[in-house]
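Q: Have a look at this one.
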Amino acid sequence: MTTLENRANTALLVVDVQNDVVGGAYRRDEVVATIADLVEKARREGVAVVWVQHSDAGLEHGSDAWRIVPELVPADGEPIVAKHYGDSFEDTTLEAVLADRGVGRLVVAGAETDACIRSTLHGAFVRGYDTTLVGDAHTAGDKTAWGAPPVEQVVTHTNLYWKFQAAPGREAGTVEAKEVDFRA
Numbered sequence: 001m002t003t004l005e006n007r008a009n010t011a012l013l014v015v016d017v018q019n020d021v022v023g024g025a026y027r028r029d030e031v032v033a034t035i036a037d038l039v040e041k042a043r044r045e046g047v048a049v050v051w052v053q054h055s056d057a058g059l060e061h062g063s064d065a066w067r068i069v070p071e072l073v074p075a076d077g078e079p080i081v082a083k084h085y086g087d088s089f090e091d092t093t094l095e096a097v098l099a100d101r102g103v104g105r106l107v108v109a110g111a112e113t114d115a116c117i118r119s120t121l122h123g124a125f126v127r128g129y130d131t132t133l134v135g136d137a138h139t140a141g142d143k144t145a146w147g148a149p150p151v152e153q154v155v156t157h158t159n160l161y162w163k164f165q166a167a168p169g170r171e172a173g174t175v176e177a178k179e180v181d182f183r184a
């Protein structure tokens, strides 16, 4: 039901699952394994997998810290979108990559829940995309030292509020990985 014309396809968007981004993240290994399963399912079903990779002053492009975790390997031909801001659409090629593939629906997984995942969800939704968050396939590092709630609460709250997101002509929601239907 996307508001984007001629964009009937779905893509799995894997955001910032990089060594330093998820190094000490909540449920890191479980979340990465869930994302790996989603990637394989998308590939089997012929659904585009689009990778997003962040860099900034603290996460230097080309460094080991910047690399996508070794458990996840982009396949030949799968686009990797470089970004420098929380929203994966902001000042990137993501919109062009998705338009070229006729994508109007995104299934989102990755890190960090309270930053790049939330920003990307909202960025996609306001741009007209149907946007589904995979509730057990996103994570973040502990930011309680700066006054944030524990990560488990951040993940739970994000899953809850995205489940009820609504806007004219667009669909949003939260599903567990086992419920992901790339053909919906």
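In UniProt numbering, the protein residues as written are 1 to 184.
Glycine is no exception: its CB is placed at the ideal position from the N, C-alpha and C atoms.
1. Does the separation of the CB atoms of residue 48 and residue 7 fall below 7 Å?
2. For my contact list, residue 73 and residue 16 are in at a C-beta cut-off of 8 Å; report their separation, rounded to the angstrom.
3. Could you tell me the alpha carbon to alpha carbon distance between residue 139 and residue 98, rounded to whole angstroms?
4. Reducing DSSP to helix, strand and coil, say where residue 165 ends up.
5. Mapping DSSP to helix, strand and coil, what is residue 72?
6. Pick helix, strand or coil for residue 120, following the three-state DSSP scheme.
7. Should the stretch 139 to 158 be called in touch with the stretch 106 to 115, which here means at least 3 C-beta pairs below 8 Å?
8. Check the DSSP bridge columns for residue 80 and list the partner residues they point to.
9. Could you please give the first and the last residue of the uninterrupted alpha helix (DSSP H) stretch that includes residue 105?
10. Under 7 Å between the Cβ atoms of residue 104 and residue 34?
11. Less than 6 Å separating the Cβ of residue 11 from some heavy atom of the ligand SAH?
12. Helix, strand or coil: which one does DSSP assign to residue 96?
13. If you run the structure through DSSP and keep just helix, strand and coil, what is residue 159?
14. Using 8 Å for Cβ pairs, my map puts residue 54 next to residue 83. What's the rounded Cβ distance?
15. Less than 8 Å between the CB atoms is what I'm expecting for residue 86 and residue 119, so what's the real figure, rounded?
A: The short version:
1. Against a cut-off of 7 Å, the Cβ pair of residue 7 and residue 48 comes out as no contact.
2. Incorrect: roughly 16 Å between the Cβ atoms, too far for contact.
3. Here the alpha carbon of residue 139 sits roughly 24 Å from the alpha carbon of residue 98.
4. When DSSP states are grouped into helix, strand and coil, residue 165 belongs to the coil group.
5. When secondary structure is reduced to three states using DSSP, residue 72 falls in the coil class, being assigned neither helix nor strand.
6. Of the three classes helix, strand and coil, the one that applies to residue 120 here is helix, per DSSP.
7. The answer is yes - the stretch 106 to 115 touches the stretch 139 to 158, with three or more Cβ pairs under 8 Å.
8. Note: residue 80 sits in a beta bridge opposite 51.
9. No alpha helix (DSSP H) holds residue 105; the beta strand (DSSP E) holding it covers 103 to 111.
10. Going by C-beta atoms, residue 104 is not nearer than 7 Å to residue 34.
11. Among the components modelled here there is no ligand, and therefore nothing to report on the ligand SAH.
12. Residue 96: helix per DSSP, three-state reduction.
13. Under the three-state reduction of DSSP output, residue 159 falls in the helix class.
14. 5 Å between Cβ atoms; contact.
15. Indeed, because the Cβ distance is near 4 Å, the residues count as touching under 8 Å.
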